[in-house]
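Notes to accompany the following structure.
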Amino acid sequence: MNAEEIHQILSDKFGESVLGYDTELAGDTCIQIAPTAILEVCQYLAETDTLAFDSLMCLSGVDMGVKEEELSVVYHLYAMQHRQSIVLKTSVPKTDAHLPTVSHIWKTADWHERETYDLYGIVFEGHTDLRRILLPDDWEGYPLRKDYQEPDFYRGMRVPY
Amino acid sequence: MESTQQTESRIIELKPFTDEMIVNMGPQHPSTHGVLRLELRLDGEIVREAIPHIGYLHRCFEKHSENLSYPQIIPFTDRMDYVAAMNQNWGFCLAVEKLLEADETKDFEVPERAEYLRVLICELNRIASHLLSFGTYGMDIGAFTPFLYAFRDRERLLLLFEKVCGARLTYNYIRIGGVSEIIPLEPGSVAEQNYLDEIEEFLDYFEPKIDEYNDLLTSNSIFSERTMGVAVMPAEMAISYGATGPNLRGSGVDWDLRRDEPYSIYDRFEFDVPVAKDIPELGAVVGDCWSRYKVRMDEMKESVKIVRQILAEGLPDGPVMADLKAVRPPQGEIYFRSEAPRGELGFYIVSDGTPKPVRVKGRSPCFSALSALQELSRGLMVADIIAIIGSIDIVMGEVDR
Chain A
1 MNAEEIHQIL
11 SDKFGESVLG
21 YDTELAGDTC
31 IQIAPTAILE
41 VCQYLAETDT
51 LAFDSLMCLS
61 GVDMGVKEEE
71 LSVVYHLYAM
81 QHRQSIVLKT
91 SVPKTDAHLP
101 TVSHIWKTAD
111 WHERETYDLY
121 GIVFEGHTDL
131 RRILLPDDWE
141 GYPLRKDYQE
151 PDFYRGMRVP
161 Y
Chain B
1001 MESTQQTESR
1011 IIELKPFTDE
1021 MIVNMGPQHP
1031 STHGVLRLEL
1041 RLDGEIVREA
1051 IPHIGYLHRC
1061 FEKHSENLSY
1071 PQIIPFTDRM
1081 DYVAAMNQNW
1091 GFCLAVEKLL
1101 EADETKDFEV
1111 PERAEYLRVL
1121 ICELNRIASH
1131 LLSFGTYGMD
1141 IGAFTPFLYA
1151 FRDRERLLLL
1161 FEKVCGARLT
1171 YNYIRIGGVS
1181 EIIPLEPGSV
1191 AEQNYLDEIE
1201 EFLDYFEPKI
1211 DEYNDLLTSN
1221 SIFSERTMGV
1231 AVMPAEMAIS
1241 YGATGPNLRG
1251 SGVDWDLRRD
1261 EPYSIYDRFE
1271 FDVPVAKDIP
1281 ELGAVVGDCW
1291 SRYKVRMDEM
1301 KESVKIVRQI
1311 LAEGLPDGPV
1321 MADLKAVRPP
1331 QGEIYFRSEA
1341 PRGELGFYIV
1351 SDGTPKPVRV
1361 KGRSPCFSAL
1371 SALQELSRGL
1381 MVADIIAIIG
1391 SIDIVMGEVD
1401 R
């Protein structure tokens, strides 16, 4: 099954929540999903026997630039049994970045979501332990956002070198 | 009469659980393989919960990458898993090359000679990495000698790497489109022949040593008592936690990217994929610490096999770098994963068509495997935590990036 066929299955099932995919860009084809439907789509992909996407390879946040008003979250899924992969992408506004968690579907999402929260400030609702993971707990701001300004001092230490 | 009263008053109440104590293990602890801090909630010797705290080695790889051109990022990947830096270089280059190949206006191909050199060097690096894992695991459990043996052999491999790129730890050898030519290895030259002879000499020396190490540590009864049947990770749990590489195969899943999704020229070589099995007469259970360890020991033999096939074929003639004027991948994104010694190393790259990437994410195999520690360690003894950390073989440089 390629991305096109899985897109067809998903749009039959979820209708307008599946926003389509871009074939013009190089590399992987991402299926755009509305943020409100991402949890149901993930659940459907993981639990349907014909699809059985049992492995979340990677979950990453993306900020395309200062001018963009949205942050993206990309899910790279893989089905060990059927040996196929799929890329899901969803976008949330920078000012109010909220998404439902998928950490109960794939346990690896627990830490990946914490990392995305840590570096992008996207809040995953329903996550049991959403804390910073790589940065110190008292760090301010979300460094991988393109508009991030690094602080001059952190606990009395100069940050820019 | 008095004495009986006394004995009665001595009756003590037996509490099944004592008070919980919180102990910090690490960040400076020899068994944590770097700087990992575990917050242990202990009930006597029993671990109620082990909460990993990471980030002590966070060097902002992803943030740095956004301000660097693609070739400039390669030295940063060296510093992720510094024990298997060649494989990290390769993983990143493979992802960029995949994106470059998607550009139909440009014809781009990695030369044959470079592919052979890459497989050769990366398989040797896999042996070096597994040697370190084997040596330090023995030391964690309390056997000091294997560590010295492992480092003695690893030293010879590091000298081999030094001869080809000048560095012992952070190589920057594999480049986008080929391999580095800093130290020229002319096709058909005496230098090339000497180098290959030296590798063969090492393999002849090293192959019997694997059996020796198995005798020394693998079948050692103290070692097996500490590792067999401890912290069993079932296959489903391993997949859900994103454990990959030897950790996944240690849980009995027959999966290796080199065979199942062959990249580069791995489809030309014959090798087996070691997968853990139950060994009832010894007491080993699929998914326990010992199985994960054993898969690594067996993998060294397979790497030797692959390198021997390259040596038998000889390196093909030709250039080692593709004709690439500038690295400017087209607009788009790619996720590419390769089989590093510690599991599936993925790189997610988003390009906007400029010489600098918009986003680079390193999907670290150790990061995912370490997240399973909390569930694996629940209810075990403190000493078992050491056995688990060693068996999932983490390198903190890669966890924290």
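Going line by line, the protein sequences match chains A and B.
Going by my numbering, the first residue of the first sequence is number 1, and it counts up by one from there.
Going by my numbering, the first residue of the second sequence is number 1001, and it counts up by one from there.
All C-beta atoms, glycine included, are put in the ideal place defined by N, C-alpha and C.
Could you give the distance in angstroms between the alpha-carbon of residue i and the alpha-carbon of residue j?
i	j	result
methionine 1001(B)	glycine 1044(B)	In this prediction, methionine 1001(B) has a pLDDT of 45, which is less than 50 and means its spatial position is unreliable; nothing more can be read from the coordinates.
serine 1003(B)	methionine 1021(B)	Summary for serine 1003(B): the model assigns pLDDT 48, below 50, so the residue's position carries little reliability; its value from the coordinates is reported in the next sentence. One C-alpha to the other measures close to 38 Å.
asparagine 2(A)	leucine 10(A)	12 Å
leucine 1196(B)	valine 87(A)	42 Å
isoleucine 1279(B)	glycine 1245(B)	21 Å
methionine 64(A)	lysine 146(A)	8 Å
leucine 1324(B)	glutamate 1181(B)	14 Å
glutamine 1331(B)	arginine 1359(B)	12 Å
isoleucine 1392(B)	glycine 1034(B)	14 Å
proline 1052(B)	glutamate 1039(B)	6 Å
valine 169(A)	serine 1351(B)	This structure cannot speak to residue 169(A), because chain A is shown only from 1 to 161.
threonine 1136(B)	aspartate 1260(B)	30 Å
proline 121(A)	proline 1329(B)	At residue 121(A) the sequence reads glycine, which differs from the proline that was named. So the two alpha carbons sit approximately 29 Å from each other.
phenylalanine 1269(B)	glutamine 1309(B)	7 Å
arginine 1414(B)	glutamine 1028(B)	In this structure chain B extends from 1001 to 1401, so residue 1414(B) is not present and cannot be described.
proline 1319(B)	isoleucine 1349(B)	27 Å
proline 1075(B)	proline 1341(B)	19 Å
serine 85(A)	phenylalanine 1367(B)	21 Å
glutamate 1123(B)	alanine 1312(B)	15 Å
glutamine 1072(B)	alanine 1276(B)	39 Å
asparagine 1214(B)	methionine 1297(B)	8 Å
Between the Cα of residue i and those of the options, spot the shortest distance and give me the residue it belongs to.
i	options	result
leucine 1154(B)	Asp1140(B), Phe1134(B), Gly1166(B)	At residue 1154(B) the sequence reads arginine, which differs from the leucine that was named. Cα-wise, what sits closest to arginine 1154(B) is Phe1134(B).
methionine 1117(B)	Arg1259(B), Tyr1335(B), Glu1192(B), Val1096(B)	The sequence as given places leucine at residue 1117(B); methionine does not occur at that position. Answer by Cα proximity: Glu1192(B).
glutamate 4(A)	Ile31(A), Ser17(A), Glu150(A)	Ile31(A)
asparagine 1024(B)	Val1382(B), Ala1387(B), Met1233(B), Met1396(B)	Val1382(B)
serine 1303(B)	Glu1207(B), Ala1085(B), Ile1349(B)	Glu1207(B)
glutamate 1236(B)	Ile1051(B), Thr1227(B), Gly1252(B), Ile1222(B)	Gly1252(B)
proline 1187(B)	Gln1331(B), Phe1347(B), Gly1314(B)	Gly1314(B)
glutamate 1101(B)	Ile1176(B), Asp1081(B), Leu1132(B)	Ile1176(B)
glycine 1397(B)	Val1232(B), Tyr1266(B), Cys1060(B), Gln1072(B)	Cys1060(B)
leucine 1370(B)	His112(A), Ser85(A), Tyr75(A), Glu40(A)	His112(A)
leucine 1257(B)	Gly1343(B), Leu1216(B), Gly1138(B)	Gly1343(B)
alanine 34(A)	Asp12(A), Gln81(A), Ser91(A), Met80(A)	Ser91(A)
aspartate 129(A)	Thr101(A), Asp152(A), Trp139(A)	Thr101(A)
aspartate 1288(B)	Pro1234(B), Met1297(B), Asp1298(B), Pro1365(B)	Pro1234(B)
arginine 1156(B)	Asn1172(B), Ile1183(B), Phe1147(B), Ala1128(B)	Ala1128(B)
glutamate 1200(B)	Ile1222(B), Val1307(B), Leu1132(B), Ala1238(B)	Val1307(B)
aspartate 1317(B)	Thr1170(B), Gly1283(B), Arg1113(B), Ile1054(B)	Arg1113(B)
threonine 50(A)	Tyr75(A), Ala109(A), Ile6(A)	Ile6(A)
lysine 67(A)	Cys58(A), Thr95(A), Ala79(A), Val73(A)	Thr95(A)
glycine 1178(B)	Val1119(B), Val1275(B), Val1083(B)	Val1119(B)
leucine 1216(B)	Ile1174(B), Tyr1149(B), Gly1362(B)	Tyr1149(B)
phenylalanine 1151(B)	Asn1194(B), Val1083(B), Ile1174(B), Val1110(B)	Val1083(B)
alanine 1167(B)	Lys1209(B), Glu1062(B), Asp1078(B)	Asp1078(B)
If you run the structure through DSSP and keep just helix, strand and coil, what is residue i?
i	result
isoleucine 1388(B)	helix
cysteine 1060(B)	coil
valine 1382(B)	helix
isoleucine 1046(B)	strand
threonine 36(A)	helix
glutamine 81(A)	coil
proline 1208(B)	helix
methionine 1321(B)	strand
valine 18(A)	strand
threonine 1004(B)	At threonine 1004(B), the pLDDT of 48 sits below 50, so the modelled position is not reliable; the number obtained from the coordinates is stated separately. DSSP places threonine 1004(B) in helix when its eight states are reduced to three.
isoleucine 1183(B)	coil
alanine 1284(B)	strand
serine 1189(B)	coil
tyrosine 1335(B)	strand
isoleucine 133(A)	coil
isoleucine 105(A)	coil
alanine 1369(B)	helix
Run through the DSSP bridge pairs and tell me what residue i is partnered with.
i	result
histidine 98(A)	Val123(A)
cysteine 30(A)	Val87(A)
valine 74(A)	Ser60(A), Lys89(A)
leucine 1040(B)	Val1023(B), Ala1050(B)
lysine 1361(B)	Tyr1348(B)
phenylalanine 153(A)	Arg158(A)
serine 55(A)	Tyr78(A)
glycine 1178(B)	Arg1175(B), Met1321(B)
Three or more C-beta pairs under 8 Å: does that hold for the segment 1220-1229 of chain B against the segment 1131-1147 of chain B? yes
Scan the segment 92-110 of chain A for residues whose Cβ lies nearer than 8 Å to a Cβ of chain D and list them as they occur along the chain. Annotation note: the requested chain D is absent from the structure, which comprises protein chains A and B.
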